[in-house]
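Below: one structure, written as structure tokens.
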DNA sequence: CAAACAATGTACGAACCAGTACGTTAGCTA
DNA sequence: TAGCTAACGTACTGGTTCGTACATTGTTTG
């Protein structure tokens, strides 16, 4: 037919299920992260893709399942980053610092992920609960933390009997808050926690905090 | 007219501007916190009050301004709690611990506030920016922190030259995350950070962490 | 090469929802 | 007690938004 309006772009197939699906996910991620679950518009997501709203319902079933799919992929990304974490050659202190830095960097590089998690918490984690994939997806970081803590305890470097999940919460809290509450914190205290000029400062601060906690003599309780 | 349907309840005036306004704010706080800004319904808020939707627009002007008013009151509550904080009679270590505990307790007791702040961050803190009241409202906690840090530094108890805003961020991050990310964290790691049985554990952990950071010898940088 | 099916597009509907036009009443004050 | 105004209620509208019925086209396979 060789239409003038629609030049046959070579290499770009008209029909490509995988690409269409992926493009919808990309756009939906941005849109949900930008406006929240209820603020996001299915029509708007469709408009920003090269396909139509019909395809969203064809591939995902509905807005709710689309959001779940977005979450699944976002969590998949951080799981991958954690899996590539190799700290077995480091001493416990350096290993914990490295882990904290990787977590710090990932949160900073993925503000959309942070926003999605915030949004999911507003909705009581109902999409995670409804997702099989997210249910059985453990956290590689937790295993790493467990190993480091065991090594640190044995070598006598780490004082207390710290729980791996607790330490993960401590590190995540700092990294997450810095990004998630950037706007209100900035508006109220006049300081941008994600200011690039302060990046090294906060990255060091996190490591110092965690190491200080792990190596301090605990007050008897 | 002495209607059978509407018994004249004594002590409950039919017309009370202040009470109506306050009731709208109460209900709106719950509703916004429950469903987010876009998820909340003006009709639903009105239905849960003893008045009508018309009054919301009469008193607040619109949904946007209503949310701003809700935020202003919520921040006012935490500011009051901070103002009643008296730690001048304590030594720096005890004072910091006390401050951390008060912050911890307030976050735990006001999950709606946490949710509102999360929601406001999703929207880029635009309502705070639009509010004069919130703009000039400082943080009493910051002044307290500054005083404690100065005392701790002078007495040689605290090592480093820690910034008050940074310390506030550190404490807030832990307290905030524990409540704000309760649902996703619980779903993914099988641990309820707000479990009453764990409350003392996390309250102590926060204090230990902050004190360890403030008293540790810092690695040269 | 002809079914058969996967992938895609169009057009529409029904419910929802923020906001308002307009009318009413309580309670204070002159 | 007349009259005025703040406080309140009803009923509606215009636009939006999720979801779908129905039609169509590319692609693969027997």
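Chains as they are written, first to last, in this note's numbering: chain U, 107 to 327; chain P, 107 to 327. C-beta: ideal position from N, C-alpha, C; glycine also. Fair warning: this is a prediction, and the values are worked out from it, not measured in the lab.
For the C-beta of residue 272/P, the chain U residues within less than 7 Å are, from N- to C-terminus, 311. Between residue 173/U and chain P, the shortest Cβ-Cβ separation is not below 8 Å.
Rounded to whole angstroms, the separation of the alpha carbons of residue 235/P and residue 168/U is 35 Å. Going by DSSP, residue 129/U is part of the alpha helix (DSSP H) stretching over 123 to 141. Proximity of the region 217 to 230 of chain P to the region 272 to 281 of chain U falls short of the contact definition, fewer than three beta-carbon pairs being nearer than 8 Å. Exposure of residue 183/P is indicated by the presence of fewer than 16 other C-beta atoms within 10 angstroms of its C-beta.
With respect to the 8 Å criterion, residue 205/U and residue 151/U are not classified as neighbours on the basis of their beta carbons. Scanning chain P for C-beta atoms nearer than 8 Å to the C-beta of residue 158/U yields nothing, as the closest lies near 24 Å away.
The beta carbons of residue 225/U and residue 142/U sit about 5 Å from each other, so the pair counts as a contact at 8 Å.
Sorting 314/P, 213/P, 270/P by C-alpha distance to the C-alpha of residue 200/P places 314/P at the top.
DSSP places residue 304/P outside any alpha helix (DSSP H), giving it a letter other than H or E. Secondary structure at residue 216/U: coil, using DSSP grouped into helix, strand and coil. Residues of the region 241 to 266 of chain U that bring their beta carbon within less than 9 Å of a beta carbon in chain P comprise 241, 243, 244, 245, 248, 266, in sequence order.
Beyond the five residues adjoining it in sequence on each side, residue 227/U comes within less than 7 Å, by CB distance, of no other residue in the same chain.
Proximity of the region 174 to 193 of chain U to the region 256 to 269 of chain U falls short of the contact definition, fewer than three beta-carbon pairs being nearer than 8 Å.
Contact between the region 294 to 303 of chain U and the region 292 to 307 of chain P is absent: fewer than three C-beta pairs spanning the two stretches fall below 8 Å. Put simply, the CB of residue 183/P is far from chain U, with every gap to its CB atoms at 8 Å or more. Taking 8 Å as the CB threshold, residue 300/P stays off the interface with chain U.
Taking 7 Å as the cut-off between beta carbons, none of the residues of the region 187 to 198 of chain P comes near chain U. Using a CB distance cut-off of 8 Å, residue 202/P does not count as an interface residue toward chain U. Per the coordinates, the alpha-carbon of residue 316/U lies some 45 Å from the alpha-carbon of residue 148/P.
When 7 Å is used as the limit between beta carbons, residue 289/U is near these residues of chain P: 227, 230, 231, in chain order.
Here residue 129/U really is in contact with residue 155/U; their C-beta atoms are around 5 Å apart, less than 8 Å. For residue 168/U, the nearest beta carbon of chain P is not closer than 8 Å to its own beta carbon. The criterion of a C-beta distance shorter than 8 Å is not satisfied by residue 135/U and residue 161/U.
Under the DSSP assignment, residue 273/U falls in the alpha helix (DSSP H) whose first and last residues are 270 to 286.
At a C-beta separation below 7 Å, residue 315/U has these neighbours in chain P: 276, 315, 319. Scanning chain U for C-beta atoms nearer than 9 Å to the C-beta of residue 280/P yields 275, 276, 279, 280, 283, reported in chain order. Secondary structure at residue 149/P: helix, using DSSP grouped into helix, strand and coil.
Here the alpha carbon of residue 193/U sits roughly 30 Å from the alpha carbon of residue 288/U. Residues of the region 129 to 155 of chain U that bring their beta carbon within less than 8 Å of a beta carbon in chain P comprise 141, 142, 143, 144, 145, in sequence order.
At the C-beta level, residue 279/U and residue 280/P come within 8 Å of one another. Pairing residue 198/U with residue 261/U gives a Cβ-Cβ distance under 8 Å. Residue 124/P has a beta carbon lying at 8 Å or more from every beta carbon in chain U. For secondary structure counted as the alpha helix (DSSP H) over 4 or more consecutive residues, the region 187 to 270 of chain P holds these complete runs in sequence order: 198 to 215, 217 to 228, 232 to 236, 238 to 242, 246 to 260.
Annotation for residue 160/U: the continuous alpha helix (DSSP H) segment containing it runs 159 to 165.
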